[in-house]
Amino acid sequence: MDWSILLAQATINGLIVGLLYLLMAVGFTLVFGVMRMVNFAHGEFYMLGAFGAYYLTTQAGLTFLPAVALTFALAVAGGAVLEWGVLKPFRRDELNGMIATIGLAMILQNLALMSFGPDPLSMPAVAQGTARMGKLVVPLSRVYVVLFALLALALLYGFLKHSRPGRALRAVVEDFEIAAIQGIRSRIYYPLGFGLGVGLAAVAGALMAPLFSVSPFVGATPLLKAFIVVILGGLGSIPGAAVAGLALGLAESYGSLLFESSTADMLIFAIVIVMLVVRPKGLLGRGEA
Amino acid sequence: MTVLSLEAGMARPAPVQWLLWLALAAAAVTPWFAGPFVQHLAVLTCLNVLIVNGLALIARCGQLSLGHAAFVAVGAYGSVLAARHLGWGFLPSMLAGVAITAVVALALGAIILRLKGVYFVLVTFAFGELVRLALLDGSSWSGGANGIAGILPAELAGWVFDSRASFYGLALAVALGSVALLAAVARRPFGHAIDAVAENPALAESTGLSVQRIQLCAFVGGCALAAAGGALQARYVGYVSPESFNASISIGFIIMLVIGGRRSVWGGLIGAMVLTPLPELFRGAVQTQHIFYGAALILILRFLPAGLAGLPGPWQARRRKESQ
Amino acid sequence: MSQPLLQVNGLSRSFGGLAALRGLTFSVASGEIVGLIGPNGAGKTTAFNVISGAMPPSAGSVHFGGQDISGAPPSRVVVHGLARTFQSTSTYPDVTVAGNIHRGMLSRVRHSWLRRLVGRTEHLLSADEVAREVDRLLTLLDLQAWREAPAGSLAYGLQKKLGIAIALACRPRMLLLDEPAAGLNHEECNELGRLLRRLRDEEGLTMLLVEHHMALVMELCHRIVVLVQGEKIAEGTPQAIGDNPAVIEAYLGAPDYAHA
Chain A
1 MDWSILLAQA TINGLIVGLL YLLMAVGFTL VFGVMRMVNF AHGEFYMLGA
51 FGAYYLTTQA GLTFLPAVAL TFALAVAGGA VLEWGVLKPF RRDELNGMIA
101 TIGLAMILQN LALMSFGPDP LSMPAVAQGT ARMGKLVVPL SRVYVVLFAL
151 LALALLYGFL KHSRPGRALR AVVEDFEIAA IQGIRSRIYY PLGFGLGVGL
201 AAVAGALMAP LFSVSPFVGA TPLLKAFIVV ILGGLGSIPG AAVAGLALGL
251 AESYGSLLFE SSTADMLIFA IVIVMLVVRP KGLLGRGEA
Chain B
1001 MTVLSLEAGM ARPAPVQWLL WLALAAAAVT PWFAGPFVQH LAVLTCLNVL
1051 IVNGLALIAR CGQLSLGHAA FVAVGAYGSV LAARHLGWGF LPSMLAGVAI
1101 TAVVALALGA IILRLKGVYF VLVTFAFGEL VRLALLDGSS WSGGANGIAG
1151 ILPAELAGWV FDSRASFYGL ALAVALGSVA LLAAVARRPF GHAIDAVAEN
1201 PALAESTGLS VQRIQLCAFV GGCALAAAGG ALQARYVGYV SPESFNASIS
1251 IGFIIMLVIG GRRSVWGGLI GAMVLTPLPE LFRGAVQTQH IFYGAALILI
1301 LRFLPAGLAG LPGPWQARRR KESQ
Chain C
2001 MSQPLLQVNG LSRSFGGLAA LRGLTFSVAS GEIVGLIGPN GAGKTTAFNV
2051 ISGAMPPSAG SVHFGGQDIS GAPPSRVVVH GLARTFQSTS TYPDVTVAGN
2101 IHRGMLSRVR HSWLRRLVGR TEHLLSADEV AREVDRLLTL LDLQAWREAP
2151 AGSLAYGLQK KLGIAIALAC RPRMLLLDEP AAGLNHEECN ELGRLLRRLR
2201 DEEGLTMLLV EHHMALVMEL CHRIVVLVQG EKIAEGTPQA IGDNPAVIEA
2251 YLGAPDYAHA
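Chains as they are written, first to last, in this note's numbering: chain A, 1 to 289; chain B, 1001 to 1324; chain C, 2001 to 2260.
So this is what it looks like as structure tokens:
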């Protein structure tokens, strides 16, 4: 039993899953930071992203990367419209906004059920074959997914750090009142923040579609993971979500080497409860409490 | 005496009040004259009334619990295990289930009630998942994913509630009792204190109302009502399994409460009565039904935040406020 | 009475590395009106919060009526007889004025589960007595005309009076007032001064005010304690404080000084 290989393999798997969690969590925390809304519909946008990638590649004949990009654009636009049309009355109304997103989630999931049926679909792989790194074997499709995910993250980073709307969005997330005083027009940033947040969820769904199956039910687990990551990283902290997302992916991967999955799951929830009680600001302490 | 007429009752005109009471009485009595299917729905409605009233008590304190189904589960499993392993009868085992749940709620509440708003929601959600996973995992005592079956029907003083019609009587009594309990609490100083704590906790605390104790009391009481519902549900359905107590069920309770009305003592009753039989109206078009739930939730939150119980409308509400 | 009603000894409070309050020591004798003043950031609010139980001290003690109340939560502090007012959000806006005062008395209602839950044993009332006491306070604070109005609809000055009424509903021996004159105009301020003096004379109330409004403080208080950057720099009669060079220096440039 070559532990070093097992560990390396687990690290790679953990990073892949961690990237997924990171995308979900950053989007989720962005929505919370801008609108103080715990978005229960976040998982459904992941699901819609997966369907988007599926249909764009199989029916519309796009290759994978353009399909993901188009899915992202559609999700941002759709999210912005939904925010403006449906969620506007609940901006910064924490509890009612959260309940409203529960309603939104039910609507989205059941519309998907009605349109696509309950059966899981499988998307053709992005690439065939495997890559070898020394003694490690990684399917090429996963490598591509990781590369595209890193590309998406680089673009996101560039947007948030170096573009005016991106910096303004970060300002709104970090301190809403000060941003308002500085004249940042929150009327634009609510739909933009929500759209971008759910767009990231859709990208996560699109990227993972070839790796897992596509069905109206795939949104539940990513939503759960987003909750956990964001609590650990601090609600409203983008860096916290990123770090905690990768950490959770790795922890789960290593944990599966040591524990039974059910024990690991329970442990995670116990840790979440302890975190919320002891340090609601999250690991990096930059979230809100 | 205006100062003491602070009750939360609706300022409806007398004839409308009488009509509503009559309608309620009619609805209560109808199942005994209808078929077993209607009786089944009626039983489920009554159990939901009891459980959602527990949620209403917690919500009245300003906290929303997304793990309510977990307390239903603890009550259900607790009472079943007490009956099975200790040989206790229906009433003692039900009380055991409620007592265990109260202790769990006390311990949990002591540490989580200081959290506000969405943080409390998230931690109760995490607790709900933890309970569900523990039940799935503990197959030696909980029966794991299959749960525990073959639960004996409820019996009191020699009367066995093994038919739908007879169990409905028991469920109806308990459901109406829970509404009466909420109404009584709302009128008493404890009820007023709960409202004060929800509206302005700092001010309430400074007038001698210990926010922590009051919230904890309401939380334990609400979870105890849920536990009672769970214990009864176990006796009616005949089995318990972890998937009967998952997050969707908790969300269902919240939907009933929000649509019925979070601020009124009738909110739980109205929400349960409207939403429990709905799957029947939709006749298997499950997706349409859920879309309807989602849309109804958003519409109610937007246009009728006081829920269906707030229907007399904003002008009546203002009259009620001014008669306080 | 030889023993002061309120005794604060070496009271300190830090937030992280920042010492907001350092070794504050002073006392208030029964029947006195004492003012706690200082420029912004002096630590007055912190002192107020620690004494009233809103936060525990980092060091030092607070004794009330001979009993140690350091670190006790506000609901316990009130039971000992020390009540406070709030500067903002001082009422329940959707409840009537009478209802607000009623809520202030809830912990005193005899034969109620609530009373047993919060553990109050003194100054208990029956239901009838509650109604009469609410009436009495409405009259005392001249709020009868608005008794059925929602508190949120009242003018600012009246809301502050209601805040005082709510504090009095707990039957305190001493009142801590958090900037009671903030936002009041000249006439309202005079009225406040008259009210507070009347409360001292008729209800036997002792008072500690945290206040910026120098004219009110100079006119109303028997003694004044001056805080600067968390430390007491002076204590004495209004006359002595007004002449104290350290105090004058601390306030140089502060706009409120123009009132004095």
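Even glycine gets a Cβ: it sits at the ideal position worked out from N, Cα and C.
Legend entry - Neighbour flag for S1005 (chain B) against chain A, beta carbons, 7 Å: Summary for S1005 (chain B): the model assigns pLDDT 38, below 50, so the residue's position carries little reliability, and this model does not support an answer.
Inset, instruction - Would you identify the three-state DSSP class for M1001 (chain B), choosing helix, strand or coil? - result: Because M1001 (chain B) sits at a pLDDT of 29, beneath the cut-off of 50, its placement in the model cannot be relied upon, and the following sentence gives the value as read from the coordinates. Residue state, collapsed to three classes: coil.
Inset, instruction - Rounded to whole angstroms, what's the CA-CA distance from L235 (chain A) to G97 (chain A)? Just pull it up for me. - result: Using only the alpha carbons, I get a separation of about 16 Å.
Inset, instruction - From the DSSP output, in three-state form, read off D2178 (chain C) for me. - result: Under the three-state reduction of DSSP output, D2178 (chain C) falls in the strand class.
Inset, instruction - Name, going along the chain, the residues of the stretch 1200 to 1220 of chain B whose beta-carbon falls closer than 9 Å to a beta-carbon of chain C. - result: Under the 9 Å Cβ criterion, the stretch 1200 to 1220 of chain B contributes N1200, A1202, L1203, A1204, E1205, S1206, T1207, G1208, L1209, S1210, V1211, Q1212, R1213, I1214, C1217.
Legend entry - Endpoints, alpha helix (DSSP H) assigned at F28 (chain A): From DSSP, the alpha helix (DSSP H) with F28 (chain A) extends over 3 to 35.
Legend entry - Collapsed DSSP secondary structure at R92 (chain A) in the structure displayed: It is coil, neither helix nor strand.
Legend entry - G2119 (chain C), buried or exposed, once every other Cβ within 10 Å from all chains shown has been counted against 16: So G2119 (chain C) counts as exposed.
Inset, instruction - Please report how far the alpha carbon of L2125 (chain C) lies from the alpha carbon of E2202 (chain C), in whole angstroms. - result: Going by C-alpha positions, L2125 (chain C) is about 21 Å away from E2202 (chain C).
Legend entry - 7 Å Cβ shell around P1015 (chain B) - same chain, five flanking residues per side excluded: Correct list: empty, nothing qualifies.
Legend entry - Coarse secondary structure for L2011 (chain C), derived from DSSP in three states: Strand, per DSSP.
Legend entry - Endpoints, the alpha helix (DSSP H) within which I1112 (chain B) is located: Bounds of the alpha helix (DSSP H) holding I1112 (chain B) are 1090 to 1112.
Legend entry - Closest Cα partner of L140 (chain A) within the set A:L211, A:L82, A:S256, A:M106: Checked all of A:L211, A:L82, A:S256, A:M106; the closest Cα to L140 (chain A) is A:L211.
Legend entry - Cross-strand partners of S2061 (chain C) (DSSP beta bridge): The partner list for S2061 (chain C) (beta bridge, DSSP) reads C:N2009.
Legend entry - Backbone secondary structure at E1155 (chain B) - three-state DSSP: If DSSP states are grouped into helix, strand and coil, E1155 (chain B) belongs with the strands.
Legend entry - Where the beta strand (DSSP E) through E2231 (chain C) begins and ends: Segment 2231 to 2236, the beta strand (DSSP E) holding E2231 (chain C).
Inset, instruction - Just the C-alpha distance for V1003 (chain B) and S2090 (chain C), rounded to the nearest angstrom, thanks. - result: Residue confidence is low: V1003 (chain B) scores 36 on pLDDT, short of 50, so the model does not pin down where it sits. No coordinate-derived value is stated.
Legend entry - Validate contact between the stretch 1074 to 1082 of chain B and the stretch 1216 to 1230 of chain B using beta carbons, cut 8 Å, 3 pairs: Result yes; three or more Cβ-Cβ pairs closer than 8 Å.
Inset, instruction - Excluding the 5 residues preceding and the 5 following A1306 (chain B) in the sequence, name in chain order all residues of the same chain whose CB lies nearer than 8 Å to its CB. - result: Counting only Cβ-Cβ distances below 8 Å, and skipping sequence neighbours, we find G1261, R1262, R1263, S1264, A1317.
Legend entry - Environment of P2245 (chain C) [buried if 16+ CB atoms lie within 10 Å]: An exposed status is given to P2245 (chain C), since fewer than 16 other beta-carbon atoms sit within 10 Å of its beta-carbon.
Legend entry - Pair within 7 Å by beta-carbon distance, V1220 (chain B) and L1064 (chain B): No, these two residues do not count as a Cβ contact at 7 Å.
Inset, instruction - Report yes if the CB atom of G43 (chain A) is closer than 7 Å to the CB atom of A220 (chain A), and no otherwise. - result: Yes, these two residues count as a Cβ contact at 7 Å.
Inset, instruction - Quickly, what does DSSP pair V2228 (chain C) with across the bridge? List them, please. - result: Beta bridge pairing from DSSP links V2228 (chain C) with C:E2231.
Legend entry - C-alpha distance - G1144 (chain B) paired with R1132 (chain B), whole-angstrom precision: When rounded, the distance between both Cα atoms is 10 Å.
Legend entry - Neighbourhood of V126 (chain A) by C-beta, 7 Å cutoff - its chain only, sequence neighbours within 5 removed: F64, S141, Y144, V145, P210, listed in sequence order.
Inset, instruction - Examine chain B for any beta-carbon lying closer than 7 Å to the beta-carbon of G18 (chain A), and answer yes or no. - result: For G18 (chain A), the answer is no, since every Cβ of chain B falls outside 7 Å of its Cβ.
Inset, instruction - Tell me, please, which residues DSSP counts as bridged to D2068 (chain C). - result: DSSP lists C:H2063 as partners of D2068 (chain C).
Inset, instruction - Within its chain, find whatever has a CB closer than 6 Å to the CB of E2187 (chain C); leave out the 5 residues flanking it on each side and keep chain order. - result: Nothing listed; no residue qualifies.
Legend entry - Cβ pair count under 8 Å reaching 3, the stretch 1082 to 1100 of chain B against the stretch 1197 to 1204 of chain B: With the cut-off at 8 Å, the stretch 1082 to 1100 of chain B and the stretch 1197 to 1204 of chain B do not touch.
Legend entry - Distance between R2022 (chain C) and S2112 (chain C) (C-alpha atoms, nearest Å): Here the C-alpha atom of S2112 (chain C) lies approximately 42 Å from the C-alpha atom of R2022 (chain C).
Inset, instruction - Going by DSSP, name the residue or residues bridged to V243 (chain A). - result: Paired residues: none, contrary to the question.
Inset, instruction - Indicate the three-state DSSP secondary structure (helix, strand or coil) for V218 (chain A) in the structure shown. - result: Look at V218 (chain A) here: in three-state DSSP terms it is coil, with no helix or strand label.
Legend entry - Residue-level contact to chain C via CB, M1001 (chain B), 7 Å cutoff: Bear in mind that the predicted position of M1001 (chain B) carries a pLDDT of just 29, short of 50, making it unreliable; the figure below should be weighed with that in mind. Yes, M1001 (chain B) lies at the interface with chain C (some Cβ there is under 7 Å from its Cβ).
Inset, instruction - Assign I184 (chain A) to one of three DSSP states: helix, strand, or coil. - result: The answer is coil: DSSP assigns I184 (chain A) none of H, G, I, E or B.
Inset, instruction - Return the chain-ordered list of same chain residues with a C-beta closer than 7 Å to the C-beta of G1128 (chain B), the five sequence neighbours on each side being excluded. - result: Contacts found: L1066, G1067, A1069, A1070, A1247, S1250.
Inset, instruction - Under 7 Å Cβ to Cβ from L130 (chain A), same chain only, skipping five residues before and after it: list those, please. - result: Checking the sequence shown, residue 130 (chain A) turns out to be Thr, not Leu. Within the same chain, V137, V138, P139, L140 come within 7 Å of T130 (chain A) by CB-CB distance, once the 5 residues on both sides are set aside.
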